[in-house]
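A short worksheet on the structure shown next.
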Amino acid sequence: MRALCESVAYSARHCMETLGVTGTVTACGGGTRSAEWAQVFAGVLGTDLVVCDADAGILGAAQVAWDSLGEPADAERWRAARRTVTAEPSSAAYYEQGYAD
1097 MRALCESVAY SARHCMETLG VTGTVTACGG GTRSAEWAQV FAGVLGTDLV VCDADAGILG
1157 AAQVAWDSLG EPADAERWRA ARRTVTAEPS SAAYYEQGYA D
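Under the numbering used here, the first residue of the sequence shown is numbered 1097, with each subsequent residue one higher.
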């Protein structure tokens, strides 16, 4: 299972580098419910991973609906709870070597 998580993270890193995307990454849903998966992802990317609460999708849909009514939406009010997972230096170095190979 760990190898599957690593392969998804390496693939995301490849896509980000190809597109020139840098900086902190925000993720929600699915695998983000697993603290281990989030830590692997942050390590492979070598950057912080901001993980949104499971309700992020429905909150986004509610904000779009509110905006469609012509009412200004308060972004802070609709923002989902989040936590930040920081890449551990030792695992980031390990994954960096794996990515280079």
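For every residue, glycine included, the Cβ atom is placed at its ideal position computed from N, Cα and C.
Item                                                                                                                                           : Value
Please check the pair T1120 and D1144, which I expect to be a contact at CB under 8 Å, by giving their CB distance rounded to whole angstroms. : 5 Å
So V1140 is in the alpha helix (DSSP H); what residue range does that whole segment cover?                                                     : A1131 to L1141
Going by C-alpha distance, which of G1127, V1146 and I1154 is nearest E1102?                                                                   : G1127
Excluding sequence positions up to five away, which residues of its chain have a Cβ less than 6 Å from the Cβ of G1156?                        : none
Three-state secondary structure (DSSP) at C1101?                                                                                               : helix
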